[in-house]
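Asks: One structure, as C-alpha cells, below. Some questions next.
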Amino acid sequence: MDLGFALTQALSQAIGVTAIIYLLATMGLNIQFGYAGLLNFGQVAFVAVGSYTIGACVMTVAPAITSWWPSAESYILWIAIPLALLVSLLLSLLLGIPTLRLRADYLAIVTIATGEIFRLVVKSIEPLGGVQGISGKIGANFYALNPFPDVDRVELGLVTYTRSDIWVVVVGWIVIGLLLLLTWALMRSPWGRSLRGIREDEDAVLALGKNTYLRKMQALILGGLFGTMAGIFWVVAKQSVQPDSFVPDFTFFCYTILILGGVARVLGPLIGTIIFWFLLVFTEQTLITAVESGTIGFLELTQVGPIRFILVGVALMLLMIFRPQWILGDRKELALDAR
Amino acid sequence: MPGEVAAAAQAALAVVSPEPGATKPDSILVADSVSRHFGGLTAVDVAHLEVQRSSITALIGPNGAGKSTLFNLLTGFDNADTGNWTYEGASVTNMPSYKLARKGMVRTFQLTKSLSRLTVLDNMRLGATGQKGERMGAAILPFIWRGQEKAITEQAMALLERFNLAAKSADFAGALSGGQRKLLEMARALMLKPNLIMLDEPMAGVNPALKQSLLDHIRDIREEGTTVMFVEHDMDMVRDVSDWVVVMAQGKVIAEGTPRSVMGNQAVIDAYLGAHHDRNLTASGESLTQGGNS
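Sequence order for the protein chains is A and B.
Note that our numbering has the first sequence beginning at 17, numbered continuously upward.
Note that our numbering has the second sequence beginning at 723, numbered continuously upward.
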C-alpha cells in the first residue's frame, strides 16, 4: 500500500484549484458572517454569478459582437471580469436593501432562497446553456499568458499539476494573498471595529452614532465580491459551468471550513481550507489504494466517495468536542458566546 | 455639596410651576403630542414635555407606564404615530438614532449592551464620533486615521481611569461583571461628548456600593454641563440625585415637579398604589385584612 501517492495527491489538492475556489468563497463569508455577523447562506449565488457572467460573455456575447469588434475574442475575459464583479455588487444591493434593515434571520432566508432560485432559473434559460451549462475555451485569454514551459505535468517539490492548473494555482494564490492583506488591513481599522461591534449588538452601535445599515451593506458587497472571484476562478479553471454545481452544499462546506479554521480570524479560512481538502482527499486516496490492493475487502470503489465524507465528518466532530475554538480560535472569546 | 451647575439648574427649576407639561426657562428637549399605539393599546400619549438644560431629570412611573417606549421614540429607536420634538431648538422628529447620537443626544439601554467579544478599550473607542478610519475607503490607509486613533485612545483611557475600568481595558467586555458593564456603557456614551445623555434604568441590578459610585458619576457628568435624563425605579436614587421628576402613568405625564413635591402628590400616589388604596374594599366599611385600619 503506497501512502506516498495519497499524500502527494492530498497536498496537491489542499492547495490546488478547488481549494482556491472554496478559500475565496469562505474569505467572503468570513467578512460577512465572521466580522459583521451577517448570515449569508447563499454564498453559492455570488459564486454562480461570477461563473455565469464570464461563461456567457466569453461563449455567447463575444462571438456575437465580432462583426463590429473583430478582436473581441482576444480581450473578452478582461472585460467580463469587471462586469461579473459589477453584477455581484448589484446582487448584494438587491439582497441587502430589503433585508439589512430587518433582523439577521431575514437575510439568511433570502440568501438561501436566492441561491436556489438562481440555479433553477439558469437551468431553464437557453442562452445560458440550460441544464447543460456552458463549456468551451472560456479561459483562453488567461491561458494565453501562461509562462510555464509546454510540458504535460509541472512538478514543484511534493506537488504536481497540469500546465494549465499550475497557472491557475499561481495566480490564485497571488490573488488570495492580496485579498488576505486587504482583509487584514480593513479589519484592524476603525471600520473593522465597527463591523465587529455590529456583530455583537447592532442597537448599541446605532446608539453610538454609527450608520450600521451602510456598514452591513458594505460587508455584504465585499464578501459577495470575494465569492464572485471564486466563481471566476472556477469557470476559468474548469472551462465549463453547469447549474447543478451551485447547490446549497457549497455554502455549507464554506461554513464548515470557516468554523474549522477559526471565525473572524484573517487566516482562518486559509487554514480551514487546507485542512479540509487535505483530509478529504487523503481519506479518499487512502481508501482507494486500500480497496484496490485488497487490504480492505468489504468496500467497493464506488462506496469510497460517500465513506470519506463520513470519516471526515467524524474527524470534524471530534475536533469540535476536543477543541471547540478550532484551529485559530480563542477559547476565552468562545466562552463569552455561552451567555 | 452641589456644584455650581447643579445650583444654577435647581435655581432655574425652583420657579417652574409643578404641573404636567410645565414650561422650563431653558429647555434642551421639547416634545409635543407624542403618541405611540401598539394595536389597541396606547403606550405613549404625551401632550407636552420639556427638559431643562443641565438638569438631572428623572422619569418615573409604574411598570408599563410607557417610560422606555418614550425613550425609544425620542431617541429614534421606535417610530412615533404622532408628535414632534426638538432638540437644541431644531426639529429631530423621527430622526434616525445614529444621527441623533452624532448630534449629542446619546442613550444607554435598560439591558446593558456591552459588546462582549470586543475588548473594553475597543468598546470605548467605538464610541468616538467622526472617525476618519470608519469610512471603508480610508480604512485601508492607516496614515489617514492613525493620529486620530491615538487621540481617541487617550480620551478612552482617561474615561476608563475615571470609571475605574482602566485595569480591564484589554479584557473582553463580556468578561466584566454586571455592574462593571453598566459603568462601561455609561463611559462609552461619554465618548460621544453628549449634550443630553438618556440613561434607561442605570441602577438596575447594581449593588449598593456601586450605586453610590454611579450616582457620583451622574452628578459629575452634569457638572460638566451635560443634561441627564434617566428612567429609574429606585426611589432613593431619584430623591438623591434628581432636580426634577416627571411621572408617567398609562402613557401620560401625570405629574412633574421637584422630587419633594412629586413624592407627596396625590396623583402620583394613586398611580403607584391605585386610586382607592386608602379606602376599604367592603361596602360596610369593614377591612378585609385582619387589624387593617387604613
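Note that CB positions come from ideal geometry on N, CA and C, so glycine has one too.
#1: Using 8 Å as the limit for Cβ to Cβ distance, is A:R339 near chain B?
#2: Does chain A have any CB closer than 8 Å to the CB of B:L837?
#3: Give me, in chain order, the residues of the same chain whose beta-carbon lies closer than 6 Å to that of A:S104; leave out the 5 immediate sequence neighbours on both sides.
#4: So, with DSSP's three-state summary, where would you put B:T764?
#5: Hey, does B:A753 have any beta-carbon neighbour from chain A nearer than 8 Å?
#6: At least one CB of chain A closer than 8 Å to the CB of B:T851: is that the case?
#7: Any residues in the region 787-806 of chain B with a beta carbon nearer than 9 Å to a beta carbon of chain A? Which ones, in chain order?
#8: Going straight from the alpha carbon of B:E954 to that of B:L932, what length do you get?
#9: For a contact meaning CB atoms closer than 9 Å, what does A:K232 contact in chain B?
#10: Quick check: what's the CA-CA separation for A:D181 versus A:F266?
#11: Could you give the residue range of the beta strand (DSSP E) that holds B:M920?
#12: Please report how far the alpha carbon of B:Q771 lies from the alpha carbon of B:V975, in whole angstroms.
#13: For A:S108, which residues in the same chain have their Cβ closer than 6 Å to its Cβ, ignoring the five residues on either side in sequence?
#14: Below 7 Å between beta carbons is the criterion; list the residues of the region 749-775 of chain B that meet it against any residue of chain A, in chain order.
#15: Closest by CA to A:S261, which one among A:A120, A:F134 and A:G173?
#16: Do you know how far the Cα of A:L118 is from the Cα of A:V60?
#17: Pop quiz: A:L315 and A:V307 are said to be a contact at Cβ under 8 Å. What is the actual Cβ separation, rounded to whole angstroms?
#18: When DSSP labels each residue in this structure, what does A:I31 get in the three-state scheme?
#19: What residues of chain B sit near A:A201, judged by a beta carbon separation below 8 Å?
#20: Looking at chain A, is there any beta carbon in it that lies within less than 8 Å of the beta carbon of B:A823?
#21: Verify whether the separation of the beta carbon atoms of B:A753 and B:G805 is less than 8 Å.
#22: Where do the N-terminal and C-terminal ends of the alpha helix (DSSP H) with A:G247 fall, by residue?
#23: In terms of DSSP beta bridges, what is B:G979 paired with?
#24: Measuring straight from C-alpha to C-alpha, what distance separates A:T176 and A:T305?
#25: For the beta strand (DSSP E) containing A:F314, name the first residue and the last one.
#26: Does the beta-carbon of A:Q319 have 16 or more other beta-carbons within 10 angstroms, so that it is buried, or is it exposed?
#27: Count the C-beta pairs between the region 871-889 of chain B and the region 223-236 of chain A that are closer than 8 Å, then say yes if the count reaches three, no if not.
#28: Enumerate in chain order the residues of its own chain whose CB-to-CB distance from A:A22 is below 7 Å, with the five nearest sequence positions on each side excluded.
#29: Residue range of the alpha helix (DSSP H) that B:F793 falls in?
#30: Is B:L689 close to chain A? Criterion is C-beta to C-beta, closer than 8 Å.
#31: I'd like to check one pair, B:A802 with B:Q972: are the Cβ atoms closer than 8 Å?
#32: Write down every uninterrupted run of the beta strand (DSSP E) in the region 122-180 of chain A whose length is 3 residues or greater and which is fully enclosed by it, in chain order.
#33: Do B:R829 and A:A223 come within 8 Å of each other at the CB atom, strictly closer than that value?
#34: When burial is assigned at 16 or more other CB atoms within 10 Å of the CB, is A:L19 buried or exposed?
#35: Within 10 angstroms of its Cβ, does B:K904 collect 16 or more other Cβ (buried), or is it exposed?
#36: Do you know offhand how far A:N157's Cα is from A:T76's?
Replies: In short:
#1: So, not an interface residue.
#2: B:L837 has a beta carbon lying within less than 8 Å of a beta carbon in chain A.
#3: If we look at A:S104 and ignore the five residues flanking it on each side, its Cβ neighbours are F62, V65, G240, L241 and T244.
#4: In the structure shown, B:T764 sits in a strand (DSSP, three-state: E or B).
#5: Output row for B:A753: interface = no.
#6: Yes, B:T851 lies at the interface with chain A (some Cβ there is under 8 Å from its Cβ).
#7: Here the close residues are T797, G798 and F799.
#8: For B:E954 and B:L932, the distance between alpha carbons rounds to 16 Å.
#9: What A:K232 touches in chain B: nothing, since even the nearest Cβ is about 12 Å away.
#10: In a straight line, the C-alpha of A:D181 is about 21 Å away from that of A:F266.
#11: Where B:M920 is concerned, the enclosing beta strand (DSSP E) stretches over L918 to D922.
#12: For the record, residue 771 of chain B in the displayed sequence is Leu; it is not Gln. Approximately 8 Å, taken between the alpha carbons.
#13: Excluding sequence neighbours, A:S108 sits near L236, I237 and G240.
#14: Within the region 749-775 of chain B, no residue places its CB atom closer than 7 Å to a CB of chain A.
#15: A:S261 has its Cα closest to that of A:F134, out of A:A120, A:F134 and A:G173.
#16: Our two residues, A:V60 and A:L118, have alpha carbons roughly 22 Å apart in a direct line.
#17: Sure, about 5 Å apart at Cβ, within 8 Å.
#18: DSSP places A:I31 outside both helix and strand once states are collapsed to three, so it counts as coil.
#19: The contacting residues are A861, I862 and P864.
#20: For B:A823, the nearest beta carbon of chain A is closer than 8 Å to its own beta carbon.
#21: Yes, these two residues count as a Cβ contact at 8 Å.
#22: Unbroken alpha helix (DSSP H) run through A:G247: T228 to K254.
#23: As DSSP reads the structure, B:G979 sits in a beta bridge with B:V967.
#24: When only Cα atoms are considered, A:T176 and A:T305 end up about 19 Å apart.
#25: From DSSP, A:F314 is part of no beta strand (DSSP E); its letter is neither H nor E.
#26: Only exposed fits A:Q319, as fewer than 16 other CB atoms lie within 10 angstroms of its CB.
#27: Not touching, per the Cβ criterion.
#28: Within the same chain, A:A22 has close Cβ partners F298, Q301, T302 and T305.
#29: Where B:F793 is concerned, the enclosing alpha helix (DSSP H) stretches over K789 to L796.
#30: With chain B running from 723 to 1016 in the structure shown, residue 689 of chain B is simply not present.
#31: No.
#32: Whole beta strand (DSSP E) segments, 3+ residues: 169-172 and 175-178.
#33: Against a cut-off of 8 Å, the Cβ pair of B:R829 and A:A223 comes out as a contact.
#34: It is exposed - the Cβ of A:L19 has fewer than 16 other Cβ atoms within 10 Å.
#35: The residue is buried, with at least 16 neighbouring Cβ atoms inside 10 Å.
#36: Those two C-alpha atoms are separated by around 15 Å.
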